[in-house]
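> Position in the sequence shown (first residue = 1) + 276 = my numbering.
Think of the CB as a built atom: it goes at the ideal place given N, C-alpha and C, for glycine as much as any other residue.
Would you mind keeping the following structure in view while I ask a few things?
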Amino acid sequence: MILPGATLGVLGGGQLGRMFTLAAHSMGYHVVVLDPDPHSPAGRIAGQHIQAGYTDHAGLQMLGDECAAVTTEFENVPADSLEYLEKFCPVRPHAGAVRIAQDRIHEKTFFQQHDLATASFTPIYEAGDLEDAFAELTPPLLLKTATMGYDGKGQARVDTLAQAEAAYARLGGTNCILEEIIELACEVSVIVARSIDGHMISYPVGENRHVNGILDTTLVPARIDTAISERAIDMTGRLATALDYCGVLAAEFFVTTAGTLLINEMATRPHNSGHYTVDACVTSQFAQQVRCMCGLPPGASDLLTPVVMTNLLGDIWSDGAPAWEHILNEPYAHLHLYGKHVARPGRKMGHFNCLSGNVDSALQAATRIRSRLDF
Numbered sequence: 277m278i279l280p281g282a283t284l285g286v287l288g289g290g291q292l293g294r295m296f297t298l299a300a301h302s303m304g305y306h307v308v309v310l311d312p313d314p315h316s317p318a319g320r321i322a323g324q325h326i327q328a329g330y331t332d333h334a335g336l337q338m339l340g341d342e343c344a345a346v347t348t349e350f351e352n353v354p355a356d357s358l359e360y361l362e363k364f365c366p367v368r369p370h371a372g373a374v375r376i377a378q379d380r381i382h383e384k385t386f387f388q389q390h391d392l393a394t395a396s397f398t399p400i401y402e403a404g405d406l407e408d409a410f411a412e413l414t415p416p417l418l419l420k421t422a423t424m425g426y427d428g429k430g431q432a433r434v435d436t437l438a439q440a441e442a443a444y445a446r447l448g449g450t451n452c453i454l455e456e457i458i459e460l461a462c463e464v465s466v467i468v469a470r471s472i473d474g475h476m477i478s479y480p481v482g483e484n485r486h487v488n489g490i491l492d493t494t495l496v497p498a499r500i501d502t503a504i505s506e507r508a509i510d511m512t513g514r515l516a517t518a519l520d521y522c523g524v525l526a527a528e529f530f531v532t533t534a535g536t537l538l539i540n541e542m543a544t545r546p547h548n549s550g551h552y553t554v555d556a557c558v559t560s561q562f563a564q565q566v567r568c569m570c571g572l573p574p575g576a577s578d579l580l581t582p583v584v585m586t587n588l589l590g591d592i593w594s595d596g597a598p599a600w601e602h603i604l605n606e607p608y609a610h611l612h613l614y615g616k617h618v619a620r621p622g623r624k625m626g627h628f629n630c631l632s633g634n635v636d637s638a639l640q641a642a643t644r645i646r647s648r649l650d651f
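Here it is in structure tokens:
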């Protein structure tokens, strides 16, 4: 076990790293952040900020030498860098799990190899693969880059082969997947925490709403059939076990109009849809990340109250700072800002959680606050 007083490291200095650092500090740990941005939200509050690139071996060795264990706040940190860090200290989750999550082709193939149902898809390695893919799949389809796509970026809807060829060129002719679009009832996510010895807990299923490809709100508990919730939790647990995972893992699912559950993607870190856990659960997802990387058992994940999490994007800063009193005057609303210097449209600047006796009244409160903030 790595106990309070030790130093923990995190690769990445964004909002997830910041919330990890806050949780670690409250538990008595010191934190070192490695991030190239001199103004990174996590770097500004950590005990030490190593301002270096993610492939900088000198910076990585400094981090490894300083820390009892290291984690990552986003999956696009090069897996090779995590492997290099493993020479100096434990890295949790391990590089192999992160490497799978970094490539949609590897990720979805891994899902299918472990009997986790996905939407029908075909890998695209070159433009010539598109014609055969259209023969196998039923439009409408989504063309998605295999790497570096997030929040709706790196993808395009295509209904014809000509559209797919044009979109493939626009996306840079890189490796992609072509995937059938699903008739959705809703999208949900599950977050689990798994310790180094395989002890695992799950949080309640969250119901997610997206706007322009970016997560907008998460409602917990999800308003879906109990059997579907149990199946989603079971599939996420099986995924974590198959990865031999240690840490916090999120899995996103499609619930089809026919009642089928399909896994869409995973995140090898705390997840935006789990921000509600900070105010509404016994143990937050960030405290779980600390516990798991330190060889401690996961904390209890009980939901203390229904909750709706709402993202705050840079769009609402267009006329200056938003009128925060609309959130702060609400006794059951909790504001979380990420300390980012520049607000841009579509950039996640913070979130707020609305607690209530049931999820519908929590959603009403969140909607009322949104209208006053003039989204």
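Let me confirm a value: glycine 293 is counted as buried when at least 16 other C-beta atoms fall within 10 Å, else exposed. Which label applies?
So glycine 293 counts as buried.
> Cutting at 6 Å between CB atoms, please list the residues of its own chain near histidine 376, excluding the five before and the five after it.
First, the residue type needs correcting, since residue 376 is isoleucine and not histidine in the sequence shown. For isoleucine 376, where only same-chain residues beyond five positions count, the Cβ hits under 6 Å are His382, Glu383, Phe386.
> Following the continuous alpha helix (DSSP H) through histidine 301, name the residue where it begins and the one where it ends.
Segment 291–302, the alpha helix (DSSP H) holding histidine 301.
> In whole angstroms, what separates the C-alpha of glycine 523 from that of aspartate 341?
Using only the alpha carbons, I get a separation of about 21 Å.
> For the pair the segment 395–411 and the segment 476–483, tell me if three or more CB-CB distances fall below 8 Å.
Cβ pair count under 8 Å is below three, so no.
> Determine the DSSP secondary structure at aspartate 510, reduced to helix, strand or coil.
Of the three classes helix, strand and coil, the one that applies to aspartate 510 here is helix, per DSSP.
> Roughly how many whole angstroms lie between the Cα atoms of threonine 297 and glutamine 324?
Each residue's alpha carbon lies about 11 Å from the other.
> Using beta-carbon positions only, say whether methionine 542 and alanine 526 come within less than 8 Å of one another.
Going by C-beta atoms, methionine 542 is nearer than 8 Å to alanine 526.
> How far does the alpha helix (DSSP H) with phenylalanine 386 in it reach, from first residue to last?
Taken as a continuous stretch (DSSP letters only), the alpha helix (DSSP H) holding phenylalanine 386 covers 380–389.
> Quick check: what's the CA-CA separation for tryptophan 593 versus alanine 619?
Straight-line Cα distance between these residues: approximately 7 Å.
> Which residues in the same chain as leucine 537 place their Cβ atom closer than 8 Å to its Cβ, once the five residues preceding and following it in sequence are excluded?
The answer, listed in chain order, is Ala393, Ile504, Arg507, Ala508, Met511, Phe529, Phe530, Val531.
> State yes or no: is the C-beta of threonine 493 within less than 8 Å of the C-beta of methionine 424?
It is not a contact, given that the beta carbons lie outside the stated cut-off.
> CA-CA distance, valine 367 and valine 464?
Whole-angstrom Cα-Cα distance: 29 Å.
> Quick one: which unbroken alpha helix (DSSP H) runs of 4-plus residues sit fully inside the segment 538–625? Chain order, please.
The segment 538–625 contains these whole alpha helix (DSSP H) runs: 553–556, 561–569, 601–604.
> By DSSP, does valine 635 sit in helix, in strand, or in coil?
DSSP places valine 635 in helix when its eight states are reduced to three.
> Out of Leu419, Val346, Ala355, Val374, state which residue places its alpha-carbon closest to the alpha-carbon of cysteine 365.
When only C-alpha atoms are compared, the closest one is Val346.
> Can you tell which of Ala344, Arg380, Gln337, Asp379 has its C-alpha closest to the C-alpha of glutamate 359?
It is Gln337.
> So which of Asp650, Asp473, Ala432, His547 has the shortest CA-CA distance to aspartate 595?
Among Asp650, Asp473, Ala432, His547, the Cα nearest to that of aspartate 595 is on Asp650.
> Cβ of valine 584 versus every heavy atom of the ligand HEM: is any distance shorter than 7 Å?
In the structure on display, the ligand HEM does not appear, and there are no ligands present to speak of.
> Check whether the Cβ of phenylalanine 410 lies closer than 8 Å to any Cβ atom in chain C.
Included in the structure is just one protein chain, with no chain C present.
> In whole angstroms, what separates the C-alpha of histidine 370 from that of valine 353?
Straight-line Cα distance between these residues: approximately 12 Å.
> Cβ atoms of glutamine 378 and alanine 355: under 8 Å apart, would you say?
Yes, the Cβ-Cβ distance between alanine 355 and glutamine 378 is below 8 Å.
> For threonine 283, which residues in the same chain have their Cβ closer than 8 Å to its Cβ, ignoring the five residues on either side in sequence?
So the list reads Tyr305, His306, Val307, Val308, Gly323, Glu342, Cys343, Ala344, once near-sequence residues are dropped.
> Under 7 Å Cβ to Cβ from cysteine 557, same chain only, skipping five residues before and after it: list those, please.
These residues qualify, in order along the chain: Tyr479, Ser577, Asp578, Leu579, Leu580.
> Using the C-alpha atoms, what's the distance from serine 647 back to histidine 551?
Distance between the alpha carbons of histidine 551 and serine 647 is about 21 Å.
> Going by the CB atoms, is the gap between isoleucine 326 and leucine 339 shorter than 8 Å?
In contact: leucine 339 and isoleucine 326 (Cβ atoms closer than 8 Å).
> Could you check how far apart the C-beta atoms of alanine 334 and glycine 290 are, in whole angstroms? I think they sit under 8 Å.
With 8 Å as the limit, alanine 334 and glycine 290 do not qualify as a contact, their Cβ atoms being about 22 Å apart.
> Using 8 Å for Cβ pairs, my map puts leucine 417 next to isoleucine 457. What's the rounded Cβ distance?
The Cβ separation is near 6 Å, so the contact holds.
> Below 8 Å, how does it come out for the segment 437–449 and the segment 466–473: are there three or more Cβ pairs, yes or no?
Too few Cβ pairs lie closer than 8 Å, so no.
> Can you tell me which of His610, Tyr608, Trp600, Cys570 puts its alpha carbon nearest to the alpha carbon of proline 280?
Looking at the Cα atoms, Cys570 is the closest of the given residues.
> Tell me whether valine 466 sits in a helix, a strand or coil according to DSSP, three-state version.
Three-state DSSP puts valine 466 in a strand.
> Please list the segments of the alpha helix (DSSP H) lying wholly inside the segment 319–394, counting only runs of 4 or more residues, in order along the chain.
For the segment 319–394, whole alpha helix (DSSP H) runs of length 4 or above, ordered along the chain, are 333–342, 355–361, 371–377, 380–389.
> Could you tell me the distance, in whole angstroms, from the CA atom of arginine 514 to the CA atom of glutamate 362?
One C-alpha to the other measures close to 25 Å.
> For glutamate 455, is the classification buried or exposed, using 16 other Cβ atoms within 10 angstroms of its Cβ as the cut-off for buried?
Under this definition glutamate 455 is a buried residue.
> Can you list, in chain order, the residues of its chain whose CB lies under 6 Å from that of phenylalanine 590, leaving out five sequence neighbours each side?
Note that residue 590 is glycine in the sequence shown, not phenylalanine. Hits under 6 Å: Ala619, Arg620, Pro621, Arg623, Met625.
> From tyrosine 243 to histidine 612, what distance separates their C-alpha atoms?
A query on residue 243 cannot be resolved here, the shown segment of the chain reaching from 277 to 651 and no further.
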